[in-house]
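Some notes on the structure that comes next.
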Amino acid sequence: MEEEIPFSESNKREYSRVDAYVALECRRLGPEEIDKVRSRMSGEAFLAEFASAACRASGAPPPRRRGDDYPCDFEGLPEIEDPRLANWLQVINAKLDAVIRMLSIQQEGFLRLPFLRINIGGGGLKFTTREAYAVGDILEIKMMLSPYRPVAMYVCGEVTSTRAQGGGSEVAVRFVLIDDDVRDEIVRFVFEKEREILREKRK
Numbered sequence: 080m081e082e083e084i085p086f087s088e089s090n091k092r093e094y095s096r097v098d099a100y101v102a103l104e105c106r107r108l109g110p111e112e113i114d115k116v117r118s119r120m121s122g123e124a125f126l127a128e129f130a131s132a133a134c135r136a137s138g139a140p141p142p143r144r145r146g147d148d149y150p151c152d153f154e155g156l157p158e159i160e161d162p163r164l165a166n167w168l169q170v171i172n173a174k175l176d177a178v179i180r181m182l183s184i185q186q187e188g189f190l191r192l193p194f195l196r197i198n199i200g201g202g203g204l205k206f207t208t209r210e211a212y213a214v215g216d217i218l219e220i221k222m223m224l225s226p227y228r229p230v231a232m233y234v235c236g237e238v239t240s241t242r243a244q245g246g247g248s249e250v251a252v253r254f255v256l257i258d259d260d261v262r263d264e265i266v267r268f269v270f271e272k273e274r275e276i277l278r279e280k281r282k
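Residues in the sequence shown are numbered consecutively from 80, following the working numbering.
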């Protein structure tokens, strides 16, 4: 069921891997791009603009950046003492997040990505392509992990090995420039796929 990805021994021990079909495409980053990109969830730019607009409308201070991350910080907004109102606002916030996520997925072209069979884990992935990549290349991988609970992201990875296969190459990639939030989504996807496989085996 699972295939080995030639990563370090620590990665092999730390992360489970599964085979899956996902919407994916990748591109090689140029030397001038490597220092300017990072792995990120789809819609971060959209959310940043939305948060700034909300702050301007409410009179709250703008969201603060922490490093390259963009956690929205609305410290200037008053606390909600009514628990029913607070719960209602949380529901609205969740719905807004879902709408923004779907708009971002559509606007950023994730719905047009081709589906590929890959082997993926928290440390990296392996896929077959007709593009020629070399060991050491840094790729930006654009992928959507699940059509049922869409998780769209851009992940940076370093090519660790290539092997001729049919009319293309089997390429192994180690994730780099990745934060815990993005990696956690990948690990969660792998866990859900493993549970799905176990359920199928029990039928």
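In this text, a Cβ means the ideal position worked out from N, Cα and C, and glycines have one as well.
Here the structure is a predicted model, which is why all the values come from computation and not from measurement.
Local Cβ density within 10 Å of residue i, reported as buried at 16 or more and exposed below that
i           : result
residue 83  : Only weak support exists for where residue 83 lies, its pLDDT of 41 falling under 50; the value from the coordinates is given anyway. So residue 83 ends up on the exposed side.
residue 224 : buried
residue 178 : exposed
residue 243 : exposed
Span of the alpha helix (DSSP H), counted from its first residue to its last, around residue i
i           : result
residue 263 : 259-281
Neighbour flag for residue i against chain C, beta carbons, 8 angstroms
i           : result
residue 106 : Structure shown: chain C not included; a single protein chain is present.
Where the beta strand (DSSP E) through residue i begins and ends
i           : result
residue 197 : 194-200
residue 220 : 217-223
Alpha-carbon to alpha-carbon, residue j and residue i
i           : j           : result
residue 239 : residue 109 : 17 angstroms
residue 232 : residue 118 : 7 angstroms
residue 95  : residue 102 : 20 angstroms
residue 241 : residue 176 : 39 angstroms
residue 260 : residue 105 : 20 angstroms
residue 237 : residue 121 : 20 angstroms
residue 278 : residue 97  : 15 angstroms
Bridge partner(s) assigned by DSSP for residue i
i           : result
residue 40  : Residue 40 lies beyond the stretch modelled for the chain, which goes from 80 to 282, so this question has no answer here.
residue 255 : 235
residue 158 : In the DSSP output, where bridge partners are listed per residue, residue 158 has none listed.
Within the chosen definition, does the stretch 154-174 reach the stretch 199-215 through at least 3 CB pairs nearer than 8 angstroms?
-> No, because fewer than three Cβ pairs between the stretch 154-174 and the stretch 199-215 fall closer than 8 angstroms, the two stretches do not touch.
So does the stretch 253-268 actually touch the stretch 186-201, counting three or more Cβ pairs closer than 8 angstroms?
-> At 8 angstroms Cβ cutoff, the stretches touch.
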